[in-house]
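Here our numbering runs 543 ahead of the position in the sequence shown, where the first position is 1.
Note that the Cβ used here is the ideal one computed from N, Cα and C, for glycine as well.
Remember, it's a predicted structure, so these values are computed and weren't measured experimentally.
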Amino acid sequence: HGEVLYHVARLEQKGCALAQRRLARPHAKRDRAAAWHRATYRRARAQVREAAAAAAATGAHPRARVPRPFGYHSMLWLDLEMTGLDARADHILELACVLSDGALTRFVEGPDLVISQPAGVLEAMNEWCSKQHVESGLVDRVRASTLSVREAEAQVLAFVSAHAAPGVLNLAGNCVYKDKEFLEQHMPELMRALSWRVIDVSTIAELAYRWFPGPASRRPRKRNGHRAMADVYESIEELKFYRNAVFKPPPPLLASKKR
């Protein structure tokens with residue numbers, strides 16, 4: 544806030560100076576413009592002084608930005624469990640997310656949420672989803688949940704906003720394009736808070752199998768538990784593996800011999 548007001552004041556100061564130079568020319572329209580610039584400049588300066596005083600009272604620098612630990616190249620690891628794969632017809636049952644930096648060294652675990660759905664939605668699931676979600680215990684948790692989709696979206700959005708600026712975080716996960724489809728359909732506000740870029744670990748896996756089959760064959764085995772938070776951490780571990788086994792840094796150049 545203080546930084547914005549600072550720049551506004553600077554712009555208005557320049558505009559006021561320009562208007563004052565034009566006062567030498569007798570013209571009513573320019574006189575009115577100069578008066579407007581002077582008044583606006585005075586208001587902006589007053590706002591800057593108020594912001595500086597408020598910042599000084601809290602011990603903060605008047606032009607300091609709100610600190611957010613996760614910047615560009617950071618990732619929002621996210622996984623959804625759904626009633627099917629059609630974003631328009633199916634529904635979200637579970638959502639979990641984790642924030643990481645681009646180097647995969649810093650992590651903050653986010654909300655792990657089970658969303659309430661009507662009995663008819665659960666009964667309409669296909670055979671595979673019904674069997675999987677019953678065996679994992681997710682169906683029972685959905686029936687016991689009182690959390691709506693909107694409430695879940697608000698919780699994740701608050702978590703994201705507390706750690707990163709809008710449009711910064713890259714959505715990441717395995718086959719995360721499918722999660723993205725559901726977010727766009729059911730949680731559009733959350734999707735608008737993220738970057739348009741997507742980091743899909745499944746794409747990296749497919750390319751590694753084609754180009755680096757040796758290292759790729761040693762990747763961590765999936766447990767296929769199909770619970771959201773467990774799947775998020777599996778995706779993170781898989782990308783860590785590819786980073787170390789495939790995306791190796793080039794060998795250091797030999798130091799030139801001393802003459």
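Item                                                                                                           : Value
Contact check, Ala639 vs Val744, beta carbons under 8 Å                                                        : no
Under the three-state DSSP convention, the category Trp671 falls into                                          : helix
Closest by C-alpha distance to Asp644, when choosing among Glu724, Glu749, Ser617                              : Ser617
Cα-Cα separation, His676 to Arg761                                                                             : 29 Å
Every unbroken alpha helix (DSSP H) inside the region 629–697 [4 residues or more]                             : 662–666, 670–678, 681–687
Coil, strand or helix - Gly614 by DSSP                                                                         : coil
Rounded distance between the beta-carbons of Ala771 and Asp642, thought under 8 Å                              : For clarity, residue 642 is Leu in the given sequence; the question names Asp instead. Actually they do not touch by this definition, with Cβ atoms about 15 Å apart.
Meets three-Cβ-pair contact criterion under 8 Å: the region 622–637 and the region 717–727                     : yes
Inter-residue spacing [alpha-carbon to alpha-carbon] between Pro756 and Asn787                                 : 15 Å
The alpha helix (DSSP H) enclosing Gly768, as first and last residue numbers                                   : Where Gly768 is concerned, there is no enclosing alpha helix (DSSP H), given that its DSSP letter is neither H nor E.
Supposed close pair Leu733, Glu696 - CB separation, criterion 8 Å                                              : 5 Å
Under the three-state DSSP convention, the category Trp754 falls into                                          : helix
Contact set for Gln660: own chain, Cβ-Cβ below 6 Å, skip 5 residues either direction                           : His634, Val685
Rounded Cβ spacing between Ile779 and Leu647 (contact assumed at less than 8 Å)                                : 7 Å
Bridge partner(s) assigned by DSSP for Leu623                                                                  : Leu638
Sequence-distant residues of the same chain with beta carbon closer than 8 Å to Pro654, five excluded per side : Leu638, Ala639, Cys640, Ala695, Gln698, Val699, Phe702
Val719, enclosing alpha helix (DSSP H) - first and last residue                                                : 719–729
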